[in-house]
Amino acid sequence: MCQEPTRLPLIGDRAPEFRAKTTQGEINFPKDFEGSWVVFFSHPADFTPVCTTEFMTFASMQEEFTKRNCKLLGLSIDSIYAHIAWLRTIYEKIEYKGMRNIEITFPVIEDLKMEVSRLYGMLQPGASTTQAVRAVFVIDPKGIVRAILYYPLSNGRDINEILRLLIALQTSDEYGVATPANWRPGEDVIVPPPGSCGVAKERVTKPDPDVKCLDWFMCLKKCPPIK
2 MCQEPTRLPL
12 IGDRAPEFRA
22 KTTQGEINFP
32 KDFEGSWVVF
42 FSHPADFTPV
52 CTTEFMTFAS
62 MQEEFTKRNC
72 KLLGLSIDSI
82 YAHIAWLRTI
92 YEKIEYKGMR
102 NIEITFPVIE
112 DLKMEVSRLY
122 GMLQPGASTT
132 QAVRAVFVID
142 PKGIVRAILY
152 YPLSNGRDIN
162 EILRLLIALQ
172 TSDEYGVATP
182 ANWRPGEDVI
192 VPPPGSCGVA
202 KERVTKPDPD
212 VKCLDWFMCL
222 KKCPPIK
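With the working numbering applied, the sequence shown corresponds to residues 2 to 228, in that order.
As structure tokens, this is what we get:
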């Protein structure tokens with residue numbers, strides 16, 4: 002059973018714990034996923050067209066997430082039986098943008114009582130009282146919420162952007178850097194701003210040949226791909 006939180010999970014919080022039935026068996030979250038990144042995402046309902054395109058795209062890109070030590074976890078406020086029927090229909094009948102015979106192997110949570118949806122703020126009354134909005138939580142291997150995205154029921158997510166965000170977070174963790182707007186893997190990253198006047202002056206008077214400074218507070222450098 003889930004307990005109602007005093008507030009919704011925020012970036013930097015521990016991911017709220019729950020047990021749930023899924024299409025891949027019962028899970029204890031986030032305990033069962035410790036040591037891996039997780040992209041946890043919700044959908045309004047089974048057998049809906051926007052959700053179908055998202056599920057197919059997530060599944061077609063699952064290997065890209067897996068090789069970056071990231072597991073996918075879906076949720077819809079429907080029964081396991083509805084999930085199975087929907088996923089089977091996707092595999093047997095749906096072709097979209099060249100994707101066909103797409104098998105969904107990541108777990109999809111049954112949330113008929115809407116306990117998990119409420120726990121994670123996926124139910125937003127202004128949008129619907131019976132369907133979850135398109136929420137995305139990126140959770141790190143220690144079970145900490147690192148990023149949160151919300152989309153309305155009517156508009157599908159950009160799965161490539163979710164993957165890009167995952168890689169950016171991993172790059173920041175690995176090298177202690179930040180990533181600029183529209184950053185793509187392989188592009189320059191941002192060196193953290195100096196923490197003292199002395200360091201700021203040194204950046205200007207004794208420049209590092211591997212660092213390109215546009216000003217004392219804004220410096221960029223090359224960054225190797227994450228391991």
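Using N, Cα and C, we set each Cβ at its ideal position, and we do this for glycine too.
Alpha-carbon spacing of R158 relative to R89, whole angstroms = 22 Å
3 or more residues per run - each beta strand (DSSP E) lying fully within the segment 59–101 = 71–77
Buried versus exposed call for R101 [16 or more other C-beta atoms within 10 Å across all chains shown] = exposed
According to the neighbour-count rule (16 or more other Cβ atoms, all chains shown, within 10 Å of its Cβ), is V219 buried or exposed?
-> Rather than Val, the amino acid found at residue 219 in this sequence is Met. Exposed is the call here.
Please name the residue in K22, K98 and T58 whose C-alpha comes closest to that of K114.
-> K22
Where the beta strand (DSSP E) containing I105 begins and where it ends = Here I105 belongs to no beta strand (DSSP E), and DSSP marks it neither H nor E.
Might you give, ordered along the chain, the residues of its own chain that have their beta carbon closer than 6 Å to the beta carbon of L215, omitting 5 neighbours on each side?
-> none
Residues bridged to L221 [DSSP beta-bridge criterion] | I191 and K213
May I have the straight-line CA-CA distance separating A86 from T49, to the nearest angstrom?
-> 13 Å
Backbone CA spacing between H44 and G99 [nearest angstrom] | 22 Å
For my contact list, S118 and I78 are in at a C-beta cut-off of 8 Å; report their separation, rounded to the angstrom.
-> 6 Å
So Y151 packs on V139, CB below 8 Å; how close in whole Å?
-> At roughly 13 Å, the Cβ-Cβ gap does not stay under 8 Å, so Y151 and V139 are not in contact.
Per DSSP, which residues does L150 bridge with? Please list them.
-> V137
What's the call for D209, buried or exposed, on a 16-neighbour Cβ count within 10 Å?
-> exposed
Use the C-beta contact count for G122: other C-beta atoms within 10 angstroms, 16 or more gives buried, fewer gives exposed.
-> buried
Indicate whether at least one CB of chain C lies closer than 8 Å to the CB of G177.
-> Here chain C cannot be found, since the structure has a single protein chain.
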